[in-house]
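A.B. asks: So the sequence lines, in the order shown, correspond to chains A and B. So that you can map any letter, position 48 of the first sequence is 966 in the numbering used here, and since no number is skipped, the others follow by simple counting. So that you can map any letter, position 199 of the second sequence is 200 in the numbering used here, and since no number is skipped, the others follow by simple counting. Note that beta-carbon positions come from the ideal geometry of N, C-alpha and C, so glycine has one too.
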Amino acid sequence: MAMPHREETPHELALNPHVSRLPVAIRNLLRRPMRSVMTCAAVAISMGLLISMFSVSEGIMDSAEVPLLESREDLVINPDQGRIELSHTIAADITSWDEVDFATPALYQDMRVLLPEPDAVDGRYPKVVEALGIVPAPFWELMGERERERFDQDEWFTYLDDPYFGNGTYDGHFTGEILLSQNLRGPDLQVGHVLPVIALDRVVNMTVVGFFDHEWAGLTGIADLSFAILHLSELQALTGMAWEGEGASARVVDLSNLVSVALTPEAVKDRAEEEVAQRIRDEYPAYAEDVFTKGEQLELIRQETMIAEAFYFAIGSVSMLIGLLFVATIMIVSVLERTREIGILRAIGISRRSVFAQVITEAMVLVLAGALIGIVPGYFGAVWAAERISTNVGVSIDLGFSTAFVIQALLWVFLVGVLFAMYPAYVAIRMNIVKAITSSH
Amino acid sequence: MDVGAQDTRIAIRMDDITKVYEVGETEIRALDGVDLEIMRGQFVSIMGPSGSGKSTLLNVIGCIDTPTSGSLRIMDQEVSRLKDKDLTAIRLSTIGFIFQQFYLIPTLNAIENVELPMKEARIPRDDRHRRATQLLAMVGLSNRMSHLPNQLSGGEQQRVAIARALANEPDILLADEPTGEVDSQTSDSILSILEDLNRDRGLTMVVVSHDPNVANRAPRRLSMVDGKIVSDRSGPMITGGNVPRGT
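1) Candidates A/1187, A/1129 and A/1097: which alpha carbon is nearest residue 1108 of chain A's?
2) Who does residue 1114 of chain A pair with in a DSSP beta bridge?
3) In whole angstroms, give me the CA-to-CA distance for residue 1330 of chain A and residue 970 of chain A.
4) Between which two residues does the beta strand (DSSP E) harbouring residue 23 of chain B extend?
5) Any idea which residues DSSP pairs residue 995 of chain A with across the strands?
6) Does residue 1248 of chain A get closer than 8 Å to chain B when you measure Cβ to Cβ?
7) DSSP on residue 210 of chain B, reduced to helix/strand/coil?
8) Is the Cβ of residue 110 of chain B closer than 8 Å to any Cβ of chain A?
9) What span of residues does the beta strand (DSSP E) with residue 1022 of chain A cover, start to end?
10) Name the residue from A/1332, A/1354 and A/1266 whose alpha carbon lies nearest to the alpha carbon of residue 121 of chain B.
11) What residue from B/25, B/109, B/10 and B/40 has the CA that sits closest to residue 942 of chain A's CA?
12) Kindly identify the DSSP beta-bridge partner or partners of residue 78 of chain B.
13) Relative to the C-alpha of residue 1189 of chain A, which candidate in A/1201, A/1211, A/1039 and A/1144 has its C-alpha closest?
14) Determine the burial state of residue 145 of chain B: buried for a count of at least 16 other Cβ atoms within 10 Å of its Cβ, exposed for fewer.
15) Using a 10 Å radius around the Cβ and a threshold of 16 neighbouring Cβ atoms, would you call residue 1134 of chain A buried or exposed?
16) State yes or no: is the beta carbon of residue 118 of chain B nearer than 8 Å to at least one beta carbon in chain A?
17) Strictly below 7 Å CB to CB, what residues from chain A border residue 99 of chain B?
18) Beta-carbon of residue 1266 of chain A versus every beta-carbon of chain B: anything under 8 Å?
19) With residue 173 of chain B and residue 140 of chain B assumed to form a contact (beta carbons below 8 Å), what rounded beta-carbon distance in angstroms separates them?
20) Just to confirm, is the Cβ distance from residue 53 of chain B to residue 67 of chain B under 8 Å?
21) With 9 Å as the C-beta to C-beta threshold (strictly closer), list the residues of the segment 120-149 of chain B near chain A in chain order.
22) Would you call the CB atoms of residue 1257 of chain A and residue 1354 of chain A closer than 8 Å?
23) Within the 8 Å Cβ cut-off, does residue 1348 of chain A reach chain B?
24) Let me confirm a value: residue 201 of chain B is counted as buried when at least 16 other C-beta atoms fall within 10 Å, else exposed. Which label applies?
25) Cβ of residue 60 of chain B within 8 Å of Cβ of residue 107 of chain B?
26) Measure the C-alpha to C-alpha separation of residue 1302 of chain A and residue 123 of chain B and round it to an integer number of angstroms.
27) Counting only runs of 3+ residues fully inside the segment 1198-1280 of chain A, write out the beta strand (DSSP E) ranges in chain order.
28) If you draw a straight line from the alpha carbon of residue 207 of chain B to that of residue 1241 of chain A, how long is it in whole angstroms?
29) According to DSSP, simplified to helix, strand and coil, what is residue 86 of chain B?
30) Leaving out five residues on either side along the sequence, give the residues of the same chain with a beta carbon under 6 Å from the beta carbon of residue 14 of chain B.
31) Less than 8 Å between C-beta atoms, sequence neighbours within five positions excluded: which residues of the same chain meet that for residue 957 of chain A?
32) Quick one: list the residues of chain A neighbouring residue 60 of chain B, beta-carbon separation under 7 Å, in chain order.
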């Protein structure tokens, strides 16, 4: 026999020009240019969705975790329900401990306000807004760098013009300011305007003392937000709900629902978190169940964000699978259309392995071309989704979009693409040669 | 016929070969106990009406179809029970196949079509290009090498197919109605090429044809009816040299 045939070694496979099936694959795909373009477009859309959904998914996780990871909050007292009584007293006590740098209370709750609305019957409409009551200076100290960049309002955090308490001298016995997180600024609500707030079933007219705006641009692409600032002390004073005692001995009731604790750098280094947490539990047994270390908080955040993350991950994955199923279907059609050609190849001695590799190569050209194109819509889709989430949900997210992420997504699509191309390739190599040659295609 | 005997002069030997197709509940015996010996260098034609089994016989000899029973030896190797991988290797290196409808790969030009089996046989790029050029020159297509099949006439396509069939220097050339799709003048030139190959290179040649003018060009002529060889006639040999004559 003139030319003994043998299987090539992996080394030969790598070196032999025979393996370069790419030009033939491209020519085969160009036989049906419109079909190939449409298939690439389908993969591009799938890849775009995959990247944008994965970016949002990663972003949700990052956005939830990073502020905590970067913050100086090493421990928190955070009762599931209810309030922390004497929170400032507790914070001051914890601050005095050797391992602790400082502790500060905060108040998170929904608040109903009556926003100006010229078209409404009484000129107002009620809206539930998220209120954050803080002591500005330690709160600023607590935030991580990224959070500070977002707020970029260090001037405001030194704003101390509170008419109700010692001309701005905080004595550590009240919460401080209220930040209303929704976009409230408008022609009818500016600094100095009165904003009716519903508290204890009555309406209290409070003065808007400031706004600060967020305009998060760039990759995060976050929409504008305008935080209204009110004096919490004003609310407490006006409602009387916060006072204890009478006359000169009257003092603000010390209520909050959170106490954040920042350890000293040495204590962080010594991993004294658990030790301090245990001391809080021992000294304030009423909150023994409500003390969480940073690690425990991260775990809680992961549990809470898992559903959202899984949702976006599922959308991305399903879209990718649909795109690749499309490729597989197109490749099956392509293979069946070339039944006779494949039969001829087999008849003249082309091995099943070569035919298999050729079909896989063609599928991979489609998949990779589509996937590469899909990076662009994926990026812009992710930015768009982040903006929508920010605008509609009021939660800003940092996208998980990066070169490493794109390479990861490409690899993933490539691997799954190979898997999906196997069936059409299998159809091709299992053809009966005689039937294939005599077929009408 | 002594099945066990080995004779290196024999190119193709079939012993009691049957090929049965099942169509629904009906059995069709395309080959019905065929015994055949074709010596190396012989030029054999097979004639017969449609459905007589001649193409099936060619497909079985060409290892693109397997017999239901019986023994088939190609170049002294038993092939009837080989696996697909081994049959593919035989098709690549030992057998050249020419089809009625040429069956070139439409996206490859003439020289790429000829190079295709050589690529599969791992022949280095320069060698296969040189050999493909020589083969196309031999069939008179030096000036059509970069043309795609749809830019070639039927006769030209068939000549490319002949060059492709010769790419890996096979021992046996099989042709199924090689002139069925071309005019009589082109048919004559194609048959001349096949005769030259048989005479000059000592290629074993098996040609299936409806056309008596084609079949009669072969020194040995088989006729088939209902899956059986019903006649086996020999005429003057075209081959030169000492190539043994068939039975």
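C.D. replies: Let me lay it out:
1) Sequence index remark: in the first sequence, residue 1108 of chain A carries index 190 (1-based). Ranking A/1187, A/1129 and A/1097 by Cα distance to residue 1108 of chain A puts A/1129 first.
2) As a position in the first sequence, residue 1114 of chain A is number 196, starting the count at 1. Answer is A/1123.
3) On the first sequence, position 412 is the one that residue 1330 of chain A refers to. On the first sequence, position 52 is the one that residue 970 of chain A refers to. Answer to the nearest angstrom: the Cα atoms are 15 Å apart.
4) Here residue 23 of chain B corresponds to residue number 22 of the second sequence, with the count starting at 1. Its beta strand (DSSP E) spans residues 11-24.
5) Mapped onto the first sequence, residue 995 of chain A falls at position 77. DSSP, once it has assigned bridges, lists A/1177 and A/1209 as partnering residue 995 of chain A.
6) Translated into positions along the first sequence, residue 1248 of chain A becomes position 330. It does not; no Cβ of chain B falls within 8 Å.
7) Numbered from its first residue, the second sequence carries residue 210 of chain B at position 209. Note: residue 210 of chain B maps to coil in three-state DSSP.
8) Position 109 of the second sequence holds residue 110 of chain B. False, the Cβ-Cβ gap to chain A never drops below 8 Å.
9) As a working note, residue 1022 of chain A is residue 104 in the first sequence. Unbroken beta strand (DSSP E) run through residue 1022 of chain A: 1018-1034.
10) In the second sequence, residue 121 of chain B corresponds to position 120, counting from 1. Minimum Cα distance to residue 121 of chain B is reached at A/1266.
11) As a working note, residue 942 of chain A is residue 24 in the first sequence. Per the Cα distances, B/109.
12) On the second sequence, position 77 is the one that residue 78 of chain B refers to. In DSSP, residue 78 of chain B forms a bridge with B/75.
13) What you label residue 1189 of chain A is simply residue 271 of the first sequence in a count that begins at 1. Ranking the options by Cα distance to residue 1189 of chain A, first place goes to A/1211.
14) Indexing the second sequence from 1 puts residue 145 of chain B at position 144. It counts as buried.
15) Locating residue 1134 of chain A in the first sequence gives position 216, where the first residue counts as 1. Confidence in residue 1134 of chain A is poor, its pLDDT being 44 and thus under 50, which makes the residue's placement too unreliable to answer from.
16) Taking the first residue of the second sequence as position 1, residue 118 of chain B is located at position 117. With 8 Å as the cut-off, residue 118 of chain B counts as an interface residue toward chain A.
17) Here residue 99 of chain B refers to the residue found at position 98 when the second sequence is read from its first residue. Simply none; closest approach about 10 Å.
18) Taking the first sequence and counting its residues from 1, the one referred to as residue 1266 of chain A is at position 348. Chain B, which has a Cβ nearer than 8 Å to the Cβ of residue 1266 of chain A, makes this yes.
19) Position 172 of the second sequence holds residue 173 of chain B. Position 139 of the second sequence holds residue 140 of chain B. With 8 Å as the limit, residue 173 of chain B and residue 140 of chain B do not qualify as a contact, their Cβ atoms being about 18 Å apart.
20) Here residue 53 of chain B corresponds to residue number 52 of the second sequence, with the count starting at 1. Here residue 67 of chain B corresponds to residue number 66 of the second sequence, with the count starting at 1. Not a contact, by the Cβ cut-off of 8 Å.
21) 120, 121, 122, 123, 124, 125 and 126
22) Stepping through the first sequence from its first residue, residue 1257 of chain A is reached at position 339. Stepping through the first sequence from its first residue, residue 1354 of chain A is reached at position 436. Result yes, Cβ atoms of residue 1257 of chain A and residue 1354 of chain A sit closer than 8 Å.
23) The count along the first sequence starts at 1 and reaches residue 1348 of chain A at position 430. For residue 1348 of chain A, the answer is no, since every Cβ of chain B falls outside 8 Å of its Cβ.
24) As a first step, residue 201 of chain B must be located in the second sequence, where it is residue number 200. Under this definition residue 201 of chain B is an exposed residue.
25) As a position in the second sequence, residue 60 of chain B is number 59, starting the count at 1. As a position in the second sequence, residue 107 of chain B is number 106, starting the count at 1. Their beta carbons are not under 8 Å apart, which means residue 60 of chain B does not touch residue 107 of chain B by this criterion.
26) Residue 1302 of chain A sits at position 384 when you count from the first residue of the first sequence. Residue 123 of chain B sits at position 122 when you count from the first residue of the second sequence. If you take the alpha carbons of residue 1302 of chain A and residue 123 of chain B, they lie about 52 Å apart.
27) 1209-1211
28) Start at 1 with the first residue of the second sequence, and residue 207 of chain B comes out as number 206. Start at 1 with the first residue of the first sequence, and residue 1241 of chain A comes out as number 323. Going from the Cα of residue 207 of chain B to the Cα of residue 1241 of chain A covers about 49 Å.
29) Here residue 86 of chain B refers to the residue found at position 85 when the second sequence is read from its first residue. It is helical.
30) Looking up residue 14 of chain B in the second sequence gives position 13. Cβ neighbours of residue 14 of chain B beyond the five flanking positions: 38 and 74.
31) Residue numbering aside, residue 957 of chain A sits at position 39 when the first sequence is read from its first letter. Answer for residue 957 of chain A: 1244, 1245, 1248, 1284 and 1288, listed in chain order.
32) By one-based count along the second sequence, residue 60 of chain B stands at place 59. Going along chain A in sequence order, the residues near residue 60 of chain B (Cβ under 7 Å) are 1352.
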